[in-house]
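Residue numbers (our numbering), protein chains in the order written: chain A, 1 to 389; chain B, 1 to 258.
By construction, the Cβ of each residue, glycine as well, lies at the ideal position given by its N, Cα and C atoms.
It should be emphasised that the depicted structure is a prediction, and the values quoted were computed from it without experimental measurement.
So the structure is just underneath, and the comments pick up after that.
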Amino acid sequence: MTGVAGERAYADLAFVQRAPIGALPPPLAMRGPWGWLRANLFSSAFNIVLTVVMLALIVWIGKSTIDFLFIDAVWVGHDRTACMASEQRPHVGACWPFVWERLNYFTYGSYPIPQRWRVDVFFAMLAIGVAWLLWLEAPRRDLGALYFFVVLPVCSFILLSGAPALGLETVDTSLWGGVLVTVVVSTVGIVVSLPLGIVLALGRRSRMPAVRLFSVIFIEFVRGVPLITVLFMASVMLPLFVPEDLTPDKLLRALIGIALFASAYMAEVVRAGLQAIPRGQYEAATALGLKFWPQMGLVILPQALRVTIPNIVNTTIGLFKDTTLVFIVGIFDLLRTIEVARIDPKWATPVTSPTGYAVAALFYWVFCYAMARYARHMELRLSAGQERR
Amino acid sequence: MSEKTTAAAMPPPADKPVVELIGVHKWFGAFHVLRDVNLTVRRGERIVIAGPSGGGKSTLIRCINAIERHQQGRIVVNGVELTSDLKRIDEVRREVGMVFQQFNLFPHLTVLENCTLAPIWVRKLPKAQAEELAMQYLKRVHIPEQAKKYPGQLSGGQQQRVAIARALCMNPKVMLFDEPTSALDPEMVKEVLDTMVELALDGTTMIVVSHEMGFARQVANRVVLMDEGQIVEANAPEEFFNHPQHERTKLFLSQILR
Ligand SMILES: Nc1ncnc2c1ncn2[C@@H]1O[C@H](COP(=O)(O)OP(=O)(O)OP(=O)(O)O)[C@@H](O)[C@H]1O
Ligand SMILES: [Mg+2]
């Protein structure tokens, strides 16, 4: 040992190292799963308490949820009797037969049963369009955009509302419902609000006073009014001013209301992104001779939208959930169909409502989480593209 | 600069004016930034503008491509007078290249895309032709191997050379430089100045705002001193540096050369 001691660096004396010191593994307390637990969960008294409390909470909530959804759940049955608590079965969980039986209603609303294949085709076409657009390595994304923004809306409209000339009987929108309505309303809302929001955001920064004034008034007016009010105005007040036979369809009115409402919020999100772009970018583009639209489209917006992706997705998720408000004006979205089904006397039990709401929660959570994950993926990908600024 | 080239060795400027400023005035609100500026730049001429901070140098050259608008006087670029007519402004911007202190490259585009953007969208060149042109100019600023990288992956000096190539891709009649080396670390200043000297030797018409007096001595036909929005003195570099006439020029030179 004395030889080793002789090697040590004594800083107060002149010292020249004779042999380099190799890397050693960290002490046991820092290694392996135990090291991880120590560092992350049990590093202090407060952390230990927190860990224990959280663990208890997770176990308690997790167990009740699993009990309700699976362990105590009823899987087969034909009506409410299957899901009622009894002497032999004091604890009853989710009433799944109710969901099986009403699944079609939740999906299509009152859409005529023989015509429901049309909705299925619509879902499939939409899924293709979304995948084509969101999958960045997909072939021919230009065609994908054309398909999504031109072919899909036209085909969907014909398919869903009908065209007697093509042998598709007309289906009144008052019969539409469930997932169909939720998907239509949110897709239209999202797809319309982004471009419209961009235009409004650019308008708000325009040098033309009239354009700027219009954009500011529109944005501030819409943001100052709750969505419910917008929907009421669209469905109740519009018919008062417009003659009966010129009044557009109820669903269409709600769609327009939601799209305009979302545009105002999107505009503010995009504006924040535009403000983050340094003035030098505008000047360089101007100096190169790029006019307003190419300048925006090629230089400013690609950068602005990139920094805004998290906020755009955030707004989109909000919009997706806000679409449930259309039930106020008598439109049967998913949540509304569940609301109607759960009070059906045929299935009236204490567990019917929680089961229905669990289905709604699962549906909304899956879609919102998918959006959030996709946004995260995009962010990572874009930031990897160009290392430091 | 190590090269022995001086203004005398360079081709004499042709007679046709590329930029003419006649009695130009500009105000920012109530603040009179440019006061009766008169300057004629002929084809092949190289003008260096120097002067104390806030003297209006940037404002002046930004008026030449209408990034800033003047309120009085005339600015004629390549025979086109800048008025409120947007067509003319576009026409002028197509013929004027500009290099900024902060480079202002587009960070979301590769070096090559930065260079081809304006040729494709403003000059309407086919993509292949624009890329060929861009590669030609990237070679000229000695960084063709960086074409596929993003600006953020380059050093400051390399970025500024890309910015020069990007402006050159539009085949401008005149190049404007606003303190192109002031944002650079000292070891990168030389590579950018060398590139600019090469451009000067090729006969490019240049208006350069710079405090690089070595560069001014080496390539300028005329050095202009601006202070408080006015042209205080303009002269050939030898005269300007060796026999300054105006008090402010003497003061400025004594400060900058120490
Ligand atoms: N957009 C603007 N609005 C108001 N004042 C401005 C604006 N731009 C510049 N100025 C003022 O005009 C004056 C001239 O500015 P300019 O940038 O042209 O000076 P400069 O000679 O380029 O100085 P520097 O060497 O610091 O770059 C300064 O006093 C500046 O504060
Ligand atoms: Mg300046």
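The beta carbon of B:Ser58 sits closer than 6 Å to at least one heavy atom of ligand 2. Closest by C-alpha distance to A:Thr315, out of A:Val192, A:Gly356, A:Tyr265, A:Arg376, is A:Tyr265. Leaving aside the five residues that flank A:Tyr364 on each side, the residues in its chain whose CB is nearer than 8 Å to its CB run, in chain order, Phe320, Lys321. Interface with chain B (7 Å Cβ-Cβ cutoff): A:Val307 is excluded. Among the residues of chain B, none has a CB under 8 Å from the CB of A:Glu379; the nearest is roughly 14 Å distant. In this structure A:Tyr111 is buried. Its beta-carbon is surrounded by 16 or more other beta-carbon atoms within 10 angstroms. DSSP, reduced to helix, strand and coil, places B:Asn114 within a helical segment of the structure shown.
Look at A:Gly32: its beta carbon is at least 6 Å from all of the heavy atoms in ligand 1.
Per the DSSP secondary-structure output, B:Glu81 pairs in a beta bridge with B:Val76. Here the segment 67-80 of chain B makes no contact with the segment 298-312 of chain A; the two share fewer than three CB pairs at distances below 8 Å. Taking every protein chain shown into account, the CB of A:Asp333 has 16 or more other CB atoms within 10 angstroms, so this residue is buried. Around the Cβ of A:Ala304, a 10 Å sphere holds 16 or more other Cβ atoms; the residue is buried. By the neighbour-count criterion, in which 16 or more other beta carbons inside 10 Å mark a residue as buried, B:Phe177 falls on the buried side. With a cutoff of 6 Å, B:Ser155 does not count as near ligand 1, since its C-beta is closer than that to no heavy atom of the ligand.
With a 10 Å radius around the Cβ and a threshold of 16 neighbouring Cβ atoms, A:Leu362 comes out exposed. Minimum Cα-Cα distance from A:Val185 among the listed residues A:Ala73, A:Tyr147, A:Phe327 corresponds to A:Phe327.
Excluding sequence positions up to five before and after A:Ala267, its CB lies within less than 6 Å of the CB of Gly197, Leu200, Ala201, Ile219, all in the same chain and listed in chain order.
Nearest Cα to A:Ile258 within the set A:Pro239, A:Pro226, A:Arg279, A:Gly289: A:Pro226. B:Gln230: member of the beta strand (DSSP E) spanning 230-235, first to last residue.
Under the 7 Å criterion on CB atoms, A:Pro302 is classed as interfacial with respect to chain B. Any Cβ of chain B closer than 7 Å to the Cβ of A:Gly280 would place that residue at the interface, and such an atom is present. The beta-bridge partner set that DSSP reports for B:Phe31 consists of B:Phe28.
Taking C-beta atoms as the reference points, B:Ala216 and B:Arg46 fail to come closer than 7 Å. As computed with DSSP, B:Met206 is found in a beta bridge with B:Arg46, B:Met175. Note that the C-beta distance between B:Ala147 and B:Leu138 is below 7 Å. Around B:Val122, the beta-carbon contacts reaching into chain A at under 9 Å are Leu288, Gly289, Leu290, Lys291, Pro294. For B:Asp90, the chain A residues whose Cβ falls inside 8 Å of its Cβ are Gly289, Lys291, in order along the chain. A:Ser235 is positioned such that its CB atom lies closer than 7 Å to that of A:Val329.
The alpha-carbon of A:Ile331 is positioned some 7 Å away from that of A:Gly177. Out of A:Pro153, A:Gly167, A:Met237, A:Thr173, the CA that lies nearest to the CA of A:Ser161 is found in A:Thr173.
Interface flag for B:Phe106 against chain A is set, since a Cβ pair is found closer than 7 Å.
One alpha carbon belongs to A:Ala284, the other to B:Val197, and they sit about 23 Å apart. A residue is called buried when at least 16 other Cβ atoms come within 10 angstroms of its Cβ; A:Phe70 does not meet this threshold and is exposed.
Judged by DSSP secondary structure, B:Gly97 falls within the beta strand (DSSP E) whose first and last residues are 96-99. Relative to ligand 1, even the nearest heavy atom lies 6 Å or more away from the CB of A:Gly189. Within the segment 230-246 of chain A, no residue has its Cβ closer than 7 Å to any Cβ of chain B.
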